[in-house]
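Undergrad:
Numbering (the numbering used here), first residue to last: 16 to 266.
1) Could you check the C-alpha separation between residue 107 and residue 182 for me, to the nearest Å?
2) Indicate whether residue 72 and residue 101 have their beta-carbon atoms separated by less than 7 Å.
3) Suppose the cutoff is 6 Å on Cβ atoms and the five residues either side in sequence are ignored; what does the same chain contact list for residue 116 look like?
4) List the whole-angstrom C-beta distance separating residue 217 from residue 261, where the pair is believed to meet the contact cut-off of C-beta under 8 Å.
5) Cβ atoms of residue 52 and residue 85: under 7 Å apart, would you say?
6) Opposite residue 119 in the DSSP bridges: which residues?
7) Please report the Cβ distance between residue 79 and residue 26, rounded to the nearest whole angstrom; I am assuming they are in contact, meaning their Cβ atoms lie under 8 Å.
8) Secondary structure at residue 67, three-state DSSP: helix, strand or coil?
9) Per DSSP, which one or two residues make a beta bridge with residue 127?
10) In the structure shown, what three-state DSSP assignment does residue 142 receive?
11) Measuring straight from C-alpha to C-alpha, what distance separates residue 126 and residue 68?
12) Since residue 73 is in the alpha helix (DSSP H), which residue starts that stretch and which ends it?
13) Where does residue 238 land, buried or exposed, given buried means 16+ other C-beta within 10 angstroms?
14) Which residues mark the beginning and the end of the alpha helix (DSSP H) in which residue 180 is found?
15) Counting along the chain, where does the beta strand (DSSP E) carrying residue 36 start and finish?
16) Can you list, in chain order, the residues of its chain with a C-beta nearer than 7 Å to that of residue 242? Leave out the 5 residues immediately preceding and following it.
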């Protein structure tokens, strides 16, 4: 069974919905524990353990964002995937991603679809390619993203990036626009976006602070987003989670 030996902790105040979701996940082989209020949720998850947390954003005594913050700020639980749930499409889910959430789903949702998303979160590490000729940045990003449970491949030059991307199909590319040796970031981005095998891979370009011309060139070659150097880690992680969530939702 897909959920064998995996525990899901649900925080949801709608009891009929909670029962339906719990029964479904148990039928898929998961162990399920739940709370109908937010108070004490982070502490309970820390004490009893969980492989994944499903967390309603709107709760009667607190909000899911605060619980998400508490879980992700504790070293014991920081690596536990969090799937936010909401029935309100006006809620700023980017706030959740900024706090470390891995996924967000809107109610009402298809249970089988949720089961697939859960399985992906629990079994597959998403792969990120980093291309930057600055070894300090490459090493720092590798450490940071590995701690977030991503599979990271780093290149310190542009040579071989396109060929490797075609073979391995990463979920996201973090690409410096200015590399020491050819090919440069613009050329790599253009090649990847021109090829049917790789054009759907999101690309976030790194560029020098306030270099507007480089931003325009990045979008012209097909990049999906950009971030200025020196970048702020929370901003970078927000963008990474945003695009990786999009990838998961379109697979």
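Ideal Cβ positions, reconstructed from N, Cα and C, are used throughout, including at glycine.
TA: Put simply:
1) 36 Å
2) yes
3) 83, 97 and 99
4) 7 Å
5) no
6) 99
7) 7 Å
8) strand
9) Residue 127 pairs with nothing; no bridge assigned.
10) strand
11) 16 Å
12) Segment: none, residue 73 is in no alpha helix (DSSP H) and carries neither H nor E.
13) buried
14) 176-183
15) Looking at the DSSP string, residue 36 is not in any beta strand (DSSP E); the run it does join, the alpha helix (DSSP H), is 30-42.
16) 219, 221, 250, 251 and 254
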